[in-house]
Structures are given as C-alpha cells and as structure tokens.
Amino acid sequence: MIMRTVRNQSRTTREDLVNDLKAAGTIVTKKIIGNTLRREGLKSCSALHARLKFANEHLNDSEDNWVKVLWSDETKMELFGIYSTRRVWRRRNAAYDPKNTIPTVKHYGNIMLWGCFSAKGTGQLHCIKGTIDGALYRQILGENLLPSARALKMVGRSFVFQQDNDPKHTSRFCKGYLTKESNGRSGAGFHQGSLCTLLLSTFHQS
C-alpha cells in the first residue's frame, strides 16, 4: 500500500501514509515508512538535511571565521519576472488589449549572472554568455575570483572559497584551476569539505 500510494501521489507525506494505514487498521510509525521507502530506492530531502547539519555544526562559529569566507553562486534574472500563466479580469474579445498582455522578448529576456560576496561586501558581478559548463565556469573564476578577493581585502591571508555542489563546480576544469591557484602561489592545499556538500578551497596569498 505504501509504494502504491507514493507511485500514484509522489507528494504524499509520511504523516499522510501513517493516517491512511491507521484508517485501514494498521499502525506504523513515520520511521518505519521512511525506512521502507528508502529500501525501495526512494530518497528523502537529503539536501535539506545537509543544510541543517551544516547550520548546526557552525552555529557557534566566531565572527572571525565567517569573515574569511567568500561565497559564490549563479542566478537567472528575468526581465519581466518569472514566466508563468497569468490571469486577468477582462471583457469578451479583449484578450489582446495591451493592458491584458505581458511584454515578451526573444529568448524570454533573461540573463545568467555569477557573483560573490563576503562579510566585507560584494565582489564582481559577471554576466554569463552562452551555456555554462565546467570550462566556461573555470574561465569565470579566472576573471573574477581573485580580483574580487583582492577588492575585498581578503588576499594576503588565508580565506575559504565556498560554493555549492553543482556538477560544473566540481568538474575537472574547476578543480584544476582551484588546485593550481591555491598550490601555485604559496603551497596552500585544495580540499573538498563535507560542509553541506560544499566545495571548499583555501588560498594563501602573498
């Protein structure tokens, strides 16, 4: 019953399953249901658990520790907001009245941006042209990472570059660049941390 319900309604919660089984005369716990689903190859929200674990582990970290961290990520910006169905109140035959339509542009009018920040402020903002992959991401880091660190006065001491576990972030192009930059300048080692499955690289700049 558990697997049949989940296959038909993938958004079913463990609590829903507990109540359904109870109504059918079977008493089980959420833990038993979770174990059953995992045995069948269904995953829980591991990313959420990883973030919570990361937060708990670093809850009491000092301000000095966080000042050393340079965070980065990419995001998509929509010119006219997120594209989705919009509904309006209108009269018959007024569907194409300009006030009832949303302006559009070719390719949806969005851009991809890379940026970084630390406790000291924001770093460079890079507009990404084309489809981003490991090679292009390595180029973006080469043009923006260390210049941002210098502008934020993080160069000259050890700092941590932190990003999420996106495949392009963990590609050989990215790893190779970060290893070269960290080892080639003063012998500091590149390593992968277990912090919320984030990729960490420590740079010591002279």
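With our numbering, you'll find the sequence shown wraps up at 222, consecutive numbering, no jumps.
Backbone N, C-alpha and C fix where the C-beta goes; we use that ideal spot for every residue, glycine too.
The model shown is predicted, which means the values in this text are computed figures rather than measured ones.
Classify residue i as buried or exposed, calling it buried when 16 or more other Cβ atoms lie within 10 Å of its own Cβ.
i	result
Ala132	This sequence places Cys at residue 132; Ala is not what is there. Cys132 is buried by the Cβ-count criterion.
Ser174	exposed
Met17	exposed
His142	buried
Ile156	buried
Leu168	buried
Tyr112	exposed
Arg55	exposed
Arg154	buried
Roughly how far, in whole angstroms, is the beta-carbon of residue i from the beta-carbon of residue j, given that I think they are within contact range, below 8 Å?
i	j	result
Met128	Lys184	With a Cβ gap of about 12 Å, Met128 and Lys184 do not count as contacting.
Val85	Ser134	6 Å
Glu73	Ile148	With 8 Å as the limit, Glu73 and Ile148 do not qualify as a contact, their Cβ atoms being about 30 Å apart.
Asn160	Gln179	So it is not a contact: roughly 12 Å between Cβ atoms.
Tyr193	Gly158	6 Å
Phe189	Gly146	Contact flag wrong, Cβ pair sits at about 15 Å.
Lys46	Arg20	About 18 Å; that fails the 8 Å criterion.
Glu94	Asn126	5 Å
Ile43	Leu33	Not quite, the Cβ-Cβ distance comes to about 12 Å (not below 8 Å), so this is no contact.
Ile144	Trp130	6 Å
Would you check whether the ligand ATP has a heavy atom nearer than 7 Å to the C-beta of residue i?
i	result
Gln140	Among the components modelled here there is no ligand, and therefore nothing to report on the ligand ATP.
Using 8 Å as the limit for Cβ to Cβ distance, is residue i near chain D?
i	result
Gly150	Absent here is chain D; the protein component of the structure consists of one chain.
Would you mind working out which of the options sits nearest residue i, comparing C-alpha positions?
i	options	result
Trp82	Leu53, Phe189, Val176	Val176
Trp15	Arg154, Lys191, Ala165	Residue 15 falls outside the range modelled here, since the chain spans only 17 to 222, and no answer is possible.
Pro163	Ile118, Glu197, Asp80, Leu152	Glu197
Ala66	Asn181, Thr186, Thr195	Asn181
Original post:
Can you list the alpha helix (DSSP H) stretches of 4 or more residues lying completely in the region 175-204, in chain order?
Top reply: 188-202, all fully within the region 175-204.
Subject >> Whole beta strand (DSSP E) elements within the region 106-159, 3-residue minimum >> reply: As far as the region 106-159 is concerned, its whole beta strand (DSSP E) runs of at least 3 residues are 126-134, 137-144.
**OP:** Let me know the alpha helix (DSSP H) ranges lying completely inside the region 24-55, each 4 residues or longer, listed in chain order.
**Re:** DSSP assignment within the region 24-55 yields the following whole alpha helix (DSSP H) runs of 4 residues or more, N-terminal first: 30-39, 46-55.
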